[in-house]
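To start, the structure itself, in structure tokens.
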Amino acid sequence: MKNLIILIAIICSTSLFAQDAKSIVEKFKTEMEATDQEVTLTMQLVSKSGSIRERSLTWSTMKAKTGLSSSYLLFTAPADIKGTAFLSQENATGNDDQWLFLPALKRSRRISSNEKGQSFMGSDFTYDDLGEEDTNKSTYKLLKSEPTEAGILQIIEAVYTDQQKIKESGYSKRIITINEKTNTMVKTEFYGIDGKLKKSLTCSEFKQFGDQKRWRPMLYQMKNLEKGTETILKFGDYKIDKGIDANRFTIRNLESN
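Per the working numbering, residue 1293 is the first one in the sequence shown, and the count goes up by one each step.
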């Protein structure tokens, strides 16, 4: 009987930790979401040798009344990629429908599921990295908590359970570090299907924006440990809940650039 009680206690505590881990990730998602938001940023592509190519773009997002999110990226410089745009729409199945518009072709093309693990515009981010976090396609486990001056860091293992997601992303799991005080993600490590660490994303220089004082990172650093390259995103001020026209997040608008 004693052993049975211990076994039940272990099962219950494991379930509780899993639920806690998932709720931490969901709180982070809530913090990052807004009715709409827009930000200008620069993207720096750092080669293995250290040479840098810089691009400028705007990034807009919107959450519909259905709860589904959309994002729209428009490159504004340099001249050879100006007008290139990307649209991602979360659908009811939890997947993301994505399109890329290339001005030279004067039309958009849909990103297939086989392309989602590929590089986005030569960066260390993939098309899948730009999609929404679907908490129904992963299991979450709290590995440990680390007290810091900035807040308690919750280190969570997120293992994909959806085989299609694994195939599309090229990842088997991620290790996500979230600051529980601010509900912000400060680091994510991406592991390949072979279990090896592929990439590491660090977010820093957080500031608060909007009436609800939402925390936003001013700096992203995505390091590709396999290639030795890095992509740096430097953000300007975020405009949150200012009223973006929903038509921005349509294929018609995508192809009007």
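Where a beta carbon is used, it is the ideal one built from N, C-alpha and C, also for glycine.
In this text the structure is predicted, and so the values were computed from the model without any measurement.
Looking only at its own chain, which residues have a Cβ that is under 7 Å from the Cβ of Cys1304, when we skip the five neighbours before and after it? By 1-based counting over the sequence shown, the position of residue 1304 is 12. For Cys1304, the predicted model reports a pLDDT of 34, less than 50, meaning its position is unreliable; a value from the coordinates is still stated below. There are no such residues.
Minimum C-alpha distance to Ile1444 - residue among Thr1427, Gln1455 and Asn1471: As a position in the sequence shown, residue 1444 is number 152, starting the count at 1. Minimum Cα distance to Ile1444 is reached at Asn1471.
Is the beta carbon of Met1510 less than 8 Å from the beta carbon of Lys1499? Numbered from 1 along the sequence shown, position 218 holds the residue referred to as residue 1510. Numbered from 1 along the sequence shown, position 207 holds the residue referred to as residue 1499. Closer than 8 Å, so yes.
Between the Cα of Gly1502 and the Cα atoms of Val1317, Lys1319, Glu1318 and Glu1330, which residue gives the shortest distance? What you label residue 1502 is simply residue 210 of the sequence shown in a count that begins at 1. That would be Glu1330, whose Cα lies nearest to the Cα of Gly1502.
Nearest-angstrom beta carbon gap, Ser1348 and Thr1327 [assumed within contact, 8 Å]: Within the sequence shown, the letter at position 35 stands for residue 1327. Within the sequence shown, the letter at position 56 stands for residue 1348. Actually they are not in contact, since the Cβ atoms of Thr1327 and Ser1348 sit about 25 Å apart, beyond 8 Å.
Suppose the cutoff is 6 Å on Cβ atoms and the five residues either side in sequence are ignored; what does the same chain contact list for Leu1299 look like? As a first step, residue 1299 is located in the sequence shown; it is residue number 7 there, counting from the start. Legend: pLDDT at Leu1299 = 34, less than 50; position of this residue unreliable, value from coordinates given subsequently. Nothing listed; no residue qualifies.
Beta-ladder partner(s) of Met1335, from DSSP: As a working mapping, residue 1335 is identified with position 43 in the sequence shown. Arg1347 and Leu1525.
Lys1433 and Glu1449 look like a contact to me (Cβ under 8 Å); what is the Cβ gap, rounded to whole Å? Locating residue 1433 in the sequence shown gives position 141, counting from the first residue. Locating residue 1449 in the sequence shown gives position 157, counting from the first residue. About 5 Å separates the two Cβ atoms, so the contact holds.
Looking only at C-alpha atoms, which of Thr1474, Thr1427 and Gln1381 sits nearest to Glu1441? Translated into the one-based positions of the sequence shown, residue 1441 becomes position 149. Closest option to Glu1441, Cα to Cα, is Thr1474.
Report the partner residues of Phe1501 according to the DSSP bridge assignment. For the purposes of this step, residue 1501 is identified with residue 209 of the sequence shown, where counting begins at 1. Paired residue(s): Arg1506.
Using alpha carbons as the reference points, say which of Tyr1512, Leu1517 and Lys1479 lies closest to Lys1526. Within the sequence shown, numbered from 1, the residue matching residue 1526 stands at position 234. Ranking the options by Cα distance to Lys1526, first place goes to Tyr1512.
Leaving out five residues before and five after Glu1481 in sequence, what residues of the same chain have Cβ atoms less than 7 Å from its Cβ? In the sequence shown, counting from the first residue as 1, residue 1481 sits at position 189. Taken in chain order, the residues that qualify are Arg1466, Ile1467, Leu1489 and Ser1492.
With burial defined as no fewer than 16 other Cβ atoms inside 10 Å of the residue's Cβ, what is the status of Glu1518: buried or exposed? Position 226 of the sequence shown holds residue 1518. Exposed, since its Cβ has fewer than 16 Cβ neighbours within 10 Å.
Hey, Phe1541 and Leu1397: beta-carbon distance below 8 Å or not? For this step, residue 1541 is matched to residue 249 along the sequence shown. For this step, residue 1397 is matched to residue 105 along the sequence shown. No, they are not a contact pair.
If you count every other CB in all the chains shown that lies within 10 Å of the CB of Glu1382, and 16 or more means buried, which is it? The sequence position of residue 1382 within the sequence shown is 90, counting from 1. Classification for Glu1382: buried.
Could you check if Asp1420 is buried or exposed, using at least 16 other CB atoms within 10 Å of its CB as the buried criterion? In the sequence shown, the residue the question calls residue 1420 occupies position 128. So Asp1420 counts as buried.
For Gln1410, count neighbouring C-beta atoms within 10 Å of its own C-beta (all shown protein chains included) and say buried if the count is 16 or more, exposed if not. For the purposes of this step, residue 1410 is taken as residue 118 along the sequence shown, with counting starting at 1. Burial call: exposed.
If we count the other Cβ atoms within 10 Å of its Cβ and call it buried at 16 or more, is Gln1456 buried or exposed? Translated into positions along the sequence shown, residue 1456 becomes position 164. Exposed, since its Cβ has fewer than 16 Cβ neighbours within 10 Å.
Beta-bridge pairing of Tyr1463 - partner residues as DSSP gives them: Residue mapping note: residue 1463 aligns to position 171 of the sequence shown, counting from 1. In the DSSP output, where bridge partners are listed per residue, Tyr1463 has Gly1484.
Looking only at its own chain, which residues have a Cβ that is under 7 Å from the Cβ of Gly1484, when we skip the five neighbours before and after it? The sequence position of residue 1484 within the sequence shown is 192, counting from 1. The residues are Gly1462, Tyr1463, Ser1464 and Lys1490.
Contact check, Thr1523 vs Phe1417 under 8 Å by CB: the rounded distance? By 1-based counting over the sequence shown, the position of residue 1523 is 231. By 1-based counting over the sequence shown, the position of residue 1417 is 125. Indeed they touch by this definition, with Cβ atoms about 6 Å apart.
Spatial neighbours of Asn1549 in its chain, beta-carbon cut-off 7 Å, leaving aside the 5 residues before and after: As a first step, residue 1549 is located in the sequence shown; it is residue number 257 there, counting from the start. Excluding positions up to five away in sequence, the list reads Leu1366, Gly1375, Ala1377, Phe1393 and Pro1395.
Suppose you measure from the CA of Thr1322 to the CA of Ile1447; what does that come to, to the nearest Å? Here residue 1322 refers to the residue found at position 30 of the sequence shown. Here residue 1447 refers to the residue found at position 155 of the sequence shown. C-alpha separation (whole angstroms): 18 Å.
Using the Cβ count rule (16 or more neighbours within 10 Å means buried), how would you classify Ala1313? Taking the first residue of the sequence shown as 1, we reach residue 1313 at position 21. With 16 or more other Cβ atoms within 10 Å, it is buried.
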